[in-house]
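If you want our numbering, it's the position in the sequence shown, counting the first as 1, plus 7. Scroll down for the structure; my scribbles are underneath it.
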Amino acid sequence: MRSRRLGSPIGLEVLDVNLAEPLGDRTLTAIRSLFAENPVLVFRNQDLTAAAIARFARAFGQIVPGVIEKYRHPDVPDVSYLTNVESDGSIDAFGVRRASDWHYDGSFAESPPDCAMLYGIKVPSDGGGTLFADMHTAFLTLPQNLRDRIEDLETINHFGLGPAGREYFDGMSPDRWGAYNPVRRPLVMPHPITGRKLLKFCMIHTAGFAGMTHRDSANFMADLLVQATGDASTYYHAWQPGDLVLWDEHATMHRNAGDFSPEQPRVMLRAMVGGDPAE
Ligand code: OGA
Ligand code: MN
């Protein structure tokens, strides 16, 4: 199995793998070990059904179905659509702006997923990419005195109450706002496999930091975001139909780059692995 860097410290293309067929143990072991060192893996030119995506996802753990039932695949509910097209062909406004702020999936849940994957079916010819940021580098590039200061800081995560949360769910039924309790989680966490220290916060659902005022929390999160998302530590995935992108939810944050016109169909399939149900 060959692989090649995609012009960023995170982002590795894996070649010579056909995900439409069940993978042998040797191939899976090789993929898992590449994934431990490279938190964004790209497999191009794949021709995948929802069932094949679910099978590949299960190689990494238990699937967590997406919580929005409307988007679940009718035959394979473990896999959901990520789409800006309604079933009558009109534009799905939530699908257009969905996930367009930096986040990790399920930050509001007790135990968020470990990894997730997207498979491109229809993608805009111009823009429409996905951005990934390396949260280990984000931690390492903070000045030492700041690293020491934040080592014991906790984030408070509550559905939709992050700096970008209100706009994100604008116009959507708020029925889930009351369905989740706030969850406290350390801002600096070791990666469950590599042990590397990571920053963990989310612009959609991280309401603030324990013991800090709302304003100080918002300012500090904005500063952390600038640190974390510089060009040197991000990867922009320019989609082609048939791309499958697998990412580590602990080691990265991600977002829809939001750089496409809503009329252009952007239709993908998505699976998440580990943890509780997640947005
Ligand atoms: C996701 C996600 C980003 C995108 O599926 O979890 O954040 O580019 N997608 O659509
Ligand atoms: Mn996401």
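Think of the CB as a built atom: it goes at the ideal place given N, C-alpha and C, for glycine as much as any other residue.
Figure out for me which residue from Thr-236, Thr-90 and Leu-30 has the closest Cα to the Cα of Met-275. Position 268 of the sequence shown, counting from 1, holds the residue named residue 275. Comparing Cα-Cα distances from Met-275 to each of Thr-236, Thr-90 and Leu-30, the minimum goes to Thr-90.
Within-8 Å CB hit, Ile-128 to chain C: Absence of chain C from the displayed structure is noted, only one protein chain being present.
Mind checking who Met-275 pairs with in its DSSP beta bridge? If you number the sequence shown from 1, residue 275 lands on position 268. Met-275 pairs with Leu-89 and Gly-127.
Helix, strand or coil for Asn-226, going by three-state DSSP, please let me know. One-based indexing of the sequence shown puts residue 226 at position 219. Helix.
So what does Arg-79 bridge to, in DSSP terms? One-based indexing of the sequence shown puts residue 79 at position 72. Partner(s): Ser-87.
Pull up the distance between the alpha-carbon of Ser-268 and that of Asp-159, whole angstroms please. The residue given as residue 268 occupies position 261 in the sequence shown. The residue given as residue 159 occupies position 152 in the sequence shown. Ser-268 and Asp-159: Cα-Cα distance of roughly 42 Å.
For the putative contact between Ala-27 and Asp-108, defined by C-beta atoms under 8 Å, what is the C-beta separation to the nearest angstrom? Locating residue 27 in the sequence shown gives position 20, where the first residue counts as 1. Locating residue 108 in the sequence shown gives position 101, where the first residue counts as 1. No, Ala-27 and Asp-108 are not in contact; Cβ-Cβ is about 33 Å, not under 8 Å.
Cβ pair Pro-248, Val-130 closer than 8 Å: Looking up residue 248 in the sequence shown gives position 241. Looking up residue 130 in the sequence shown gives position 123. Taking 8 Å as the Cβ cut-off, Pro-248 and Val-130 qualify as a contacting pair.
Name, in chain order, the residues that DSSP records as bridge partners for Phe-115. Taking the first residue of the sequence shown as position 1, residue 115 is located at position 108. Answer is none; Phe-115 lacks a bridge partner.
Within 10 Å of its beta-carbon, does Gly-281 have 16 or more other beta-carbons around it, so buried, or fewer, so exposed? Here residue 281 is taken as the residue at index 274 of the sequence shown, counted from 1. It is buried - the Cβ of Gly-281 has at least 16 other Cβ atoms within 10 Å.
Quick one: what does DSSP say Thr-327 is sitting in, helix, strand or coil? Residue 327 is absent from the structure shown; the chain starts at 8 and stops at 286.
Name the DSSP beta bridge partners of His-212, please? As a first step, residue 212 must be located in the sequence shown, where it is residue number 205. His-212 is not bridged to any residue.
What are the boundary residues of the alpha helix (DSSP H) that Ile-38 is part of? The residue given as residue 38 occupies position 31 in the sequence shown. Residues 32 to 44.
Contact under 8 Å by Cβ, Leu-205 with His-143: For this step, residue 205 is matched to residue 198 along the sequence shown. For this step, residue 143 is matched to residue 136 along the sequence shown. Yes, Cβ-Cβ distance for Leu-205 and His-143 is below 8 Å.
Do Arg-262 and the ligand OGA come close, with the Cβ less than 7 Å from some heavy atom? If you number the sequence shown from 1, residue 262 lands on position 255. Arg-262 Cβ: within cutoff of the ligand OGA.
Label Met-279 either buried or exposed according to how many other C-beta atoms from any shown protein chain fall within 10 Å of its C-beta, with 16 as the threshold for buried. Position 272 of the sequence shown, counting from 1, holds the residue named residue 279. Result: buried.
Is DSSP giving His-198 helix, strand or coil here? For the purposes of this step, residue 198 is taken as residue 191 along the sequence shown, with counting starting at 1. In the structure shown, His-198 sits in coil (DSSP, three-state: anything other than H, G, I, E or B).
Neighbourhood of Arg-183 by C-beta distance below 7 Å, restricted to the same chain and skipping five residues each side: Along the sequence shown, read from residue 1 onward, the residue named residue 183 stands at position 176. Around Arg-183: Phe-166.
Exercise answer, beta-carbon shell around the ligand MN heavy atoms below 5 Å: Ala-106 and Asp-112
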